[in-house]
Structure formats: C-alpha cells, structure tokens
Amino acid sequence: MDTLASISSIKVVEPQNPILEVKDLHVVFSGFKAMKGVNLAVGDNEIVTIIGPNGAGKSTLLDAIVGKSPVASGHVYYRGQDITNHSPYDIARMGIGRKFQNPNVYNELSVFENILLALKGTHSVFASIKSKLTRVKREKIELVLDRVGLLDKGFAKVSSLSHGQKQWVEIGMVLAQDPAVVLLDEPTAGMTPDETHLTGEIIKMISQNHSVVVIEHDMEFVKQIAQRIVVLHQGEKIAEGSVRDVQSNPKVIEVYLGREQIDIAA
Ligand code: ADP
Ligand code: MG
87 MDTLASISSI KVVEPQNPIL EVKDLHVVFS GFKAMKGVNL AVGDNEIVTI
137 IGPNGAGKST LLDAIVGKSP VASGHVYYRG QDITNHSPYD IARMGIGRKF
187 QNPNVYNELS VFENILLALK GTHSVFASIK SKLTRVKREK IELVLDRVGL
237 LDKGFAKVSS LSHGQKQWVE IGMVLAQDPA VVLLDEPTAG MTPDETHLTG
287 EIIKMISQNH SVVVIEHDME FVKQIAQRIV VLHQGEKIAE GSVRDVQSNP
337 KVIEVYLGRE QIDIAA
C-alpha cells in the first residue's frame, strides 16, 4: 500500500556522475542576495523537485543555470564542463531546456506548428510552415506530441486549448529541442486537479529519456513525481531528501509546509 515509502526509497542520494551540477552558487540583484551558496547535483534520468516558499530563489536558481541571471560566484557544470555565465542561447544549444512559468506559445498556430517551430534547425515561422516537411521532422513532432499527450490535438489551434493543454504544448516545445536536461518552473500552475495529475505522468515519462528539474508547490503533485526533493528558503538549501525526509524536517515544516497547511485551512 505504501507507495510513499517505495517512492522515497529511490534516488534520494546525490548522483555519482551528475549531468548537471551547481556548486556554491551566489546570485546578487543590486546588492540583494537572492542565492547564497546553493549546491545541487542532478543525475541522468532523475527527477529533482524543488520546493520552497515564494521568493525562496527557486526561479532564480533555474535562471542562473540557464545563463539568465548573472552568477556572482560559484559554478554551474554541465557534463563536467563549466558553463557558468555562458549565454542562454549557448546553454540551450548544449542541452539544457527551460520552460518558464507562463506559457509562451503561438496561439494562432496549430499545436503541430508550434512544435515544428521549436525543432532544432527551424528558424523562421513562415519558411518552416510553408516548406515541405521531411518525414524525419514529422515523426519527431509526432513523438513529442505523444510524449505530452497531445497526439490527437495536432491540428487544433493552440488558442482553442485549455490552459493545461497549452502548458503541455510548451513542454513539447522544450522536448523538441532534444535537451538532456529539462527544467520546468511550476508546470502545473493554474491547472485542474486532473491536468495536474496528467502532468505528473508526463514528467515521469519524460524522465525515461531526460533528466528533469521541477519547481512545484502542490505537495500532492510532489509526492506523485518526487524522487529527490530540494527545499530552498531565502536563497539557501535548507533540506534535501525523500518526500518523507523533507516532510518530517522541522525547519521545512516551520518555513514552508506548516505555513502551507495554515494557508489551506484559512
Ligand atoms: P521563487 O521562484 O522561489 O518564488 P525568485 O527566484 O523568483 O523566487 O525570487 C527570489 C528573490 O529574488 C525574490 O526576493 C525576488 O524578488 C528577487 N528577484 C528575483 N529576480 C530578480 C531580479 N531580476 N531583480 C531583482 N530581484 C529579483
Ligand atoms: Mg518562481
């Protein structure tokens, strides 16, 4: 019965040969220390979930990894290579894909066209839509649509989709770039419970071929997908481990889980 125990028993230790590694990372915004010495290691095919109160620095951590927030000190390594403060374009090209908090999709185009535009080597909207699709590209797009559960929606205009489906289109656009590491910032924001659950299943499937780092605040969802959880608070990592480890950590209860329970009760 105890699925939590079985989930908790896997991959709660840091990987030996991380594909992505963050060491003693500091980010400073005009004197404000948003990230104060964070360490993180992500292994192949691993799902690492980041939780923490608003303003903890979760998005900043992902921003620093992809070169969007300047790293004041510390390092980001990808496959052992130092990529600290490389350009977002270079980091994306190397293999780290990032989905932002708000869906960034082309509403007037079809789901299929949105994925097509995200494929590597596609540069112009009109050129790529008008040009003849190669079989390789078509199959690739269909594979991505299948992964995000939208195979039957390929011809639908994105504007006709639900909010949750739009989020899946954007996850598909990230996957279309063949990243080895997928970073997802609150992918279930604004979703219905059913959509949230499906997103969890999508993320678990994605982790069969990619490493995934997910920022999330819905604890039910965290339990559904979580292997290893990292808890951030005021720019620092205050806990790391299984669902059970962090749920029983007094500091985590004090700054995050306890408060969330009060929020729910209110
Ligand atoms: P989270 O995603 O955990 O809610 P963020 O990483 O967005 O938190 O923000 C962490 C802290 O850094 C917050 O206090 C936020 O106001 C601040 N911050 C984030 N981005 C910037 C920025 N570009 N300039 C100044 N302050 C920022
Ligand atoms: Mg955030």
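Just so you know, we're using the numbering used here here: the sequence shown kicks off at 87 and counts up by one.
Backbone N, C-alpha and C define an ideal beta-carbon position, used for all residues, glycine too.
Assigned secondary structure, residue i (DSSP; H/G/I helix, E/B strand, else coil)
{"i": "threonine 282", "result": "helix"}
{"i": "arginine 221", "result": "helix"}
{"i": "isoleucine 169", "result": "coil"}
{"i": "leucine 231", "result": "helix"}
{"i": "asparagine 125", "result": "strand"}
{"i": "leucine 147", "result": "helix"}
{"i": "glycine 383", "result": "Given that the chain is displayed from residue 87 to residue 352, the structure contains no residue 383 and the question cannot be resolved."}
{"i": "lysine 297", "result": "Inspection of the sequence shows that residue 297 is occupied by serine rather than by lysine. Strand at serine 297."}
{"i": "aspartate 176", "result": "helix"}
{"i": "phenylalanine 186", "result": "coil"}
{"i": "phenylalanine 241", "result": "coil"}
{"i": "leucine 270", "result": "strand"}
Any non-hydrogen atom of the ligand MG closer than 6 Å to residue i Cβ
{"i": "lysine 144", "result": "yes"}
For residue i, the residue or residues it bridges with in DSSP
{"i": "leucine 205", "result": "Answer by DSSP bridge pairing: none, since leucine 205 is not bridged."}
{"i": "tyrosine 163", "result": "Glu107, Asp168"}
{"i": "glutamate 194", "result": "The partner list for glutamate 194 (beta bridge, DSSP) is empty, contrary to what the question assumes."}
{"i": "alanine 325", "result": "Val317"}
7 Å Cβ cutoff met for residue i and residue j
{"i": "valine 332", "j": "isoleucine 315", "result": "yes"}
{"i": "tyrosine 164", "j": "methionine 180", "result": "yes"}
{"i": "valine 157", "j": "threonine 170", "result": "yes"}
{"i": "isoleucine 182", "j": "valine 267", "result": "yes"}
{"i": "glutamine 231", "j": "glycine 240", "result": "The amino acid at residue 231 is misidentified as glutamine; the sequence shows leucine. Result yes, Cβ atoms of leucine 231 and glycine 240 sit closer than 7 Å."}
{"i": "glutamate 256", "j": "lysine 185", "result": "yes"}
{"i": "valine 197", "j": "alanine 262", "result": "no"}
{"i": "lysine 309", "j": "valine 329", "result": "yes"}
{"i": "lysine 144", "j": "leucine 318", "result": "yes"}
{"i": "phenylalanine 307", "j": "glycine 286", "result": "yes"}
{"i": "valine 298", "j": "isoleucine 289", "result": "yes"}
Cβ-heavy atom distance, residue i to the ligand ADP, below 6 Å
{"i": "asparagine 190", "result": "no"}
{"i": "asparagine 140", "result": "yes"}
{"i": "alanine 150", "result": "no"}
{"i": "alanine 120", "result": "yes"}
{"i": "phenylalanine 186", "result": "no"}
{"i": "phenylalanine 115", "result": "yes"}
Environment of residue i [buried if 16+ CB atoms lie within 10 Å]
{"i": "glycine 138", "result": "buried"}
{"i": "glutamate 225", "result": "exposed"}
{"i": "proline 273", "result": "buried"}
{"i": "aspartate 349", "result": "Because aspartate 349 carries a pLDDT of 46, less than 50, the predicted location of this residue cannot be relied on, and no value is offered for it."}
{"i": "histidine 355", "result": "Outside the displayed span of the chain (87 to 352) sits residue 355, for which this structure offers no information."}
{"i": "asparagine 190", "result": "exposed"}
{"i": "asparagine 335", "result": "buried"}
Minimum Cβ-Cβ distance from residue i to chain D less than 7 Å
{"i": "serine 248", "result": "You won't find chain D in this structure, because it holds only one protein chain."}
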